[in-house]
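Residue numbers (this note's numbering): 10 to 344. For reference, the structure is listed below as structure tokens.
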């Protein structure tokens, strides 16, 4: 679809879909807010259905309302919808936002649109996912995804004890920045490298439960002698454990994950997988909104990478690894 058509599609989406475009306060000035009106904050997420991004949007909305600002929230149609995000950025600039918070589906594909926004004086902040290069945005508020992957890898490795690992990798979206970072971190935590014979197979899942289940089923048909599984996120973990259960491998394979959603914490408590690494989307959204409002009021700009934290959650703590149990997880989870 041509860029102009994408622009029109997003504009229509904003007018017709509450889930895809939400304004917390009304405001019609095209300057992004001033002393005569609220500061406009744009939010572009990867999707509007994933519970993680739902929580991020809800938190941004609450933070904007608390600051007397206007939030305009738009989402891609699916994880990886780069063209949709580019059109959304263009649309938000035309609406006169002071700043755009974005969780990039493609860390390089949106660079041109981000530059155009910055050239027009719009503050641009990445949430959850870094751009490539990192300085394509003014600042990033996100989980250190290499660290999150490493925490998962260290826990899975420790849970195996002296047993040599035989690993399957339930990866995310090929080429995705977060996907690559978590994959790399997990292998570092395990003490492995890509191509290591301990890795018996890998498959992309796009972070989707059904795709992960199908991928795991296919890999298990080739080789079921595994004892460890990496998962890009909790939906992928649920798909993986469903496939393992169908193969009679429940409780025999160490499965870890990343997200920290309330369902994921409940899965850990139920023993479906051993551990998850919690992220804090509420903190990302709040800090991002605060930064845009401050910029709108006095021109203050944030800079660099702001780590919003990662916490290992498990009911089976292991020596040398800082963790919280599922009770703590339930009190601090999202979704």
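Note that the Cβ used here is the ideal one computed from N, Cα and C, for glycine as well.
For residue 323, the enclosing beta strand (DSSP E) begins and ends at 320–323. Shown here, residue 308 sits in coil according to DSSP, grouped into three states, outside any helix or strand. By the beta-carbon neighbour count (other beta carbons within 10 angstroms, threshold 16), residue 231 is exposed. Within the segment 223–265, the runs of beta strand (DSSP E) at least 3 residues long that lie entirely inside it are, in chain order, 237–240.
When rounded, the separation of the alpha-carbon atoms in residue 215 and residue 224 is 11 Å. By the Cβ test, the segment 200–207 is not in contact with the segment 147–161, since fewer than three Cβ pairs between them sit closer than 8 Å.
Runs of the beta strand (DSSP E) lying entirely within the segment 159–198, each at least 3 residues long, are 176–180 in chain order. When secondary structure is reduced to three states using DSSP, residue 290 falls in the helix class. In terms of Cβ geometry, residue 248 and residue 221 form a close pair [threshold 7 Å]. Comparing alpha carbon positions, the residue from 110, 344 and 171 closest to residue 304 is 110. The segment 177–195 makes contact with the segment 226–243, as at least three CB pairs between them are under 8 Å.
For residue 61, the three-state secondary structure derived from DSSP is helix. Taken through DSSP and simplified to helix, strand or coil, residue 202 comes out as coil. Here the C-alpha atom of residue 289 lies approximately 11 Å from the C-alpha atom of residue 296. Taking all protein chains in view, the Cβ of residue 173 is surrounded by fewer than 16 other Cβ atoms within 10 Å, so the residue is classified as exposed.
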